[in-house]
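Undergrad: Have a look at the structure that comes next, please.
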Amino acid sequence: MKITSIILAIVVAAALLILSGALYTVDETRQVIITQFGKPVGEPKTEAGLKFKIPFIQQVNPVDKRILEWDGSPSNMPTKDKLYIAVDLFARWRIVDPLQYFLRLRDERSAQSRLDDILGSETRNAVAKHELIELIRTTKGRQPLRDASLSESDLATLGGLVPISKGRALVEQEIFEAAAPKVEVFGIELTDIRFKRVNYNESVRPKIYERMISERRQIAERFRSEGNGEAARINGNRERELNRIRSEAYREVEEIRGDADAKATEIYASAYNQSAEAVDFYEFQKTMDMYRTVLQNNSTLIMSTGSEAFEYLKSMNPAEEADEP
């Protein structure tokens, strides 16, 4: 019984091993090529599900059937107008003939390498046939947005956009049409190709940026000088208007002050001219006010004996004042 059990176990294990080697699954995102001793046999399996093969002899080689990505590295190349630029490109592709793909390339690494050669070469050819502006602009007859405050002279100084004949989209289409037939022989379909980035070469980029900065600074200085001129004109008008208002206000103040002084003089005259005693009292009061203003502590006053102010000082008798209790 023990020997029978062992033999049965061995048979079951062998059957399971053979069955596991004979069964395989095809994923929905994959297609499979069966090889026998390294050579493809039968048609590629493109439908998802459980499949059978000869165990231990036949091998399963999965091939992706999704849209795959190709991302090229930036490459320096000259344009038609002799400007060296760094072009960064990307593309999308898929495997439409898995058998041809397997026979010619075997794996995705080889496919990426062939795409590098083909797309890089066609991109270089297309860039060399077009000027830089054709690789940057896309829309023909495009009009730039302009500030409504700009004058006609400003618009004439700024200029317009350089006209283009094709544009970036048509250049990309040229590269696509030239490269697509060349990758078909590998069982690959090229679905799309686009410029990721177009930039100046590292050696000339600082000079380009310096020139752009210089141009923008010139425009800024022109606007700044115009602004300073307008500010000077506004400040001049403000100062002129302020001086006019001040002069008119000063004239009105002086007129009011003159009228007030005349009125006060008239009131004083009518008050003090009522009698001779009032006139004398007014003169005396004014003289006393003058003494209070002029004579301070330790003051020395020199006047003639004919002075009216001296008359009041002369009339004072210090001896009589000293005798008073």
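In the numbering used here, the protein residues as written are 19 to 343.
Even glycine gets a Cβ: it sits at the ideal position worked out from N, Cα and C.
What are the start and end residues of each continuous beta strand (DSSP E) run of 3 or more residues lying completely inside the region 40-115, in chain order?
TA: Given a length threshold of 3 residues, each whole run of the beta strand (DSSP E) inside the region 40-115 is given here in chain order: 41-44, 48-54, 57-63, 67-70, 76-82, 86-89, 93-96, 102-113.
Undergrad: Using a Cβ-Cβ cut-off of 7 Å (strictly less than) and excluding sequence neighbours within five positions of Arg262, which residues of its own chain qualify?
TA: On the sequence shown, position 244 is the one that residue 262 refers to. Closer than 7 Å at the Cβ level, and outside the excluded window around Arg262, lies no residue.
Undergrad: Which same chain residues, not among the five before or five after Arg10, have their C-beta less than 6 Å away from its C-beta?
TA: Look at the range of the chain in this structure, 19 to 343, and you will see that residue 10 is not part of it.
Undergrad: Kindly provide the ranges of any beta strand (DSSP E) runs that are 3 or more residues long and lie completely inside the region 277-309, ordered along the chain.
TA: none
Undergrad: Rounding to the nearest angstrom, what Cα-Cα distance links Phe213 and Glu190 in this structure?
TA: Working through the sequence shown from its first residue, we reach residue 213 at position 195. Working through the sequence shown from its first residue, we reach residue 190 at position 172. Cα to Cα, the separation comes out at about 7 Å.
Undergrad: Is it the case that the region 139-159 contacts the region 109-124, given that we only count it when at least three CB pairs across the two stretches are under 8 Å?
TA: no
Undergrad: May I ask which residues mark the beginning and end of the alpha helix (DSSP H) holding Lys200?
TA: Numbered from 1 along the sequence shown, position 182 holds the residue referred to as residue 200. It spans 186-202 - the alpha helix (DSSP H) in which Lys200 sits, taken as one unbroken run.
Undergrad: Determine, using beta carbons only, whether Glu207 and Val114 come nearer to each other than 8 Å.
TA: On the sequence shown, position 189 is the one that residue 207 refers to. On the sequence shown, position 96 is the one that residue 114 refers to. The answer is yes: Cβ separation under 8 Å.
Undergrad: Measuring only the C-alpha atoms, how far is Asn143 from Arg229?
TA: Taking the first residue of the sequence shown as 1, we reach residue 143 at position 125. Taking the first residue of the sequence shown as 1, we reach residue 229 at position 211. Distance between the alpha carbons of Asn143 and Arg229: 29 Å.
Undergrad: Between which two residues does the beta strand (DSSP E) containing Asp210 stretch?
TA: As a working mapping, residue 210 is identified with position 192 in the sequence shown. It spans 206-218 - the beta strand (DSSP E) in which Asp210 sits, taken as one unbroken run.
Undergrad: Excluding sequence positions up to five away, which residues of its chain have a Cβ less than 8 Å from the Cβ of Ile85?
TA: On the sequence shown, residue 85 is found 67 positions in, with the first residue counted as 1. Around Ile85: Arg110, Trp111, Arg112, Thr209.
Undergrad: Round the Cβ separation of Ile51 and Asn79 to the nearest angstrom and send it over; I've been treating them as touching at under 8 Å.
TA: In the sequence shown, the residue the question calls residue 51 occupies position 33. In the sequence shown, the residue the question calls residue 79 occupies position 61. Ile51 to Asn79, Cβ: 5 Å. Contact.
Undergrad: Count the other CB atoms within 10 Å of the CB of Ile21; is the residue buried (16 or more) or exposed (fewer)?
TA: Residue 21 sits at position 3 when you count from the first residue of the sequence shown. Exposed.
Undergrad: At which residues does the alpha helix (DSSP H) containing Arg127 begin and terminate?
TA: Locating residue 127 in the sequence shown gives position 109, counting from the first residue. First-last of the alpha helix (DSSP H) with Arg127: 126-146.
Undergrad: Between the C-alpha atoms of Ala40 and Phe74, what's the straight-line distance to the nearest angstrom?
TA: Residue mapping note: residue 40 aligns to position 22 of the sequence shown, counting from 1. Residue mapping note: residue 74 aligns to position 56 of the sequence shown, counting from 1. Going by the C-alpha atoms only, they are around 8 Å apart.
Undergrad: So Ile151 is in the alpha helix (DSSP H); what residue range does that whole segment cover?
TA: Here residue 151 corresponds to residue number 133 of the sequence shown, with the count starting at 1. Run containing Ile151: 150-154, per the alpha helix (DSSP H) assignment.
Undergrad: Take the Cβ of Leu313 as the centre, count every other Cβ of all protein chains shown within 10 Å, and call the residue buried at 16 or more, exposed below.
TA: Looking up residue 313 in the sequence shown gives position 295. Counting Cβ neighbours within 10 Å, Leu313 comes out exposed, since fewer than 16 surround it.
Undergrad: Contact check, Leu133 vs Trp88 under 8 Å by CB: the rounded distance?
TA: By 1-based counting over the sequence shown, the position of residue 133 is 115. By 1-based counting over the sequence shown, the position of residue 88 is 70. About 5 Å; that satisfies the 8 Å criterion.
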